[in-house]
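Take the position in the sequence shown, starting the count at 1, then add 1129; the result is the number in this note's numbering. C-beta atoms are modelled at their ideal positions from N, C-alpha and C, and glycine is treated no differently.
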Amino acid sequence: MKYIKSFIPCCLAISFFGCVNNAYTPSDEEICFTRDVQPVIDAGCAKSGCHDSTTKSAGIALVTYSDIASVEAIAGIITKPQLEGGMPPAPWVKLSDEQIAAITKWVDQGSNNTTCDSLPLPDSSSITYSKHIVPIMNLYCIGCHVQQGAWGPKLGTYEDVREEIENGNLLSNIQRKPGYVPMPAGRTRMSSRDIRIVEMWSGAYSK
Ligand code: HEC
């Protein structure tokens, strides 16, 4: 029943909120290529007519990890003002300050092919709502769950999130247990590391 009930609102939610850009600023130790770099380069640079594998503008493709990691000057080029040759060129929108900061940190850390799952898990006693859970909710959930209504419960405050942890829905949904509404709805999948962090925070591991 839950699946059937969720189908129509999910489709609407995806079409209305699919493009919500939740600025997410990872801390130094949390940068990972597949989340913080690849999607930004994909949307901002690897477009048809620019740096996709067919056009290869200026001889540069920015599609795969090795394409991106081999452009040593990438952090400088995205940081430069557009009038001075910064990329992407006008009229395309410059990358946001958060995106530039994350890519610059990734280069400083050695341009590694990291996924979020390869990052070490935080110590369970150090996990807090504001440092760990808020960024996860912002990244995966808030686009749809900012208000209560057709889009399910609100997940914007500690109390909202705690309530959904306590009634069992939030964990069962992100763990994609049979019979529960799989979350996040749509194409995005939470990394297993982020699921573990929510589980650890909710006490599921310490019980
Ligand atoms: C693309 C939109 C979208 C995203 C992103 C999304 N949700 Fe949902 N969520 C929905 C909709 C729509 C419903 C209502 C489904 C229903 O009632 O059948 C819902 C329902 C829920 C519910 C209540 C389910 C129940 O069994 O009553 C929870 C809890 C939830 N979502 C958690 C999350 C969490 C946690 C995230 C992030 C990891 C997330 N959602 C991301 C659209 C979304």
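Bounds of the alpha helix (DSSP H) holding His-1274 are 1271-1274.
Exposed is the label assigned to Tyr-1287, since fewer than 16 other Cβ atoms lie within 10 Å of its Cβ.
Here DSSP, grouped into helix, strand and coil, assigns Gly-1281 to strand. Counting C-beta pairs with one atom in each stretch, the stretch 1166-1178 and the stretch 1325-1332 have fewer than three that are closer than 8 Å, which means they do not touch.
By the CB criterion at 7 Å, Met-1319 and Ile-1294 fall outside the cutoff. Checking the 6 Å criterion, the Cβ of Leu-1300 is out of range of every heavy atom belonging to the ligand HEC. Between Ile-1262 and Asp-1323, the CB-CB gap reaches or exceeds 7 Å.
By the Cβ neighbour-count rule, Pro-1210 is exposed, with fewer than 16 other Cβ atoms within 10 Å of its own. Of the candidates Pro-1282, Cys-1179, Phe-1162 and Thr-1208, the residue whose Cα lies closest to the Cα of Asp-1226 is Thr-1208. In this structure, the C-beta of Cys-1270 approaches the ligand HEC to less than 6 Å from one of its heavy atoms.
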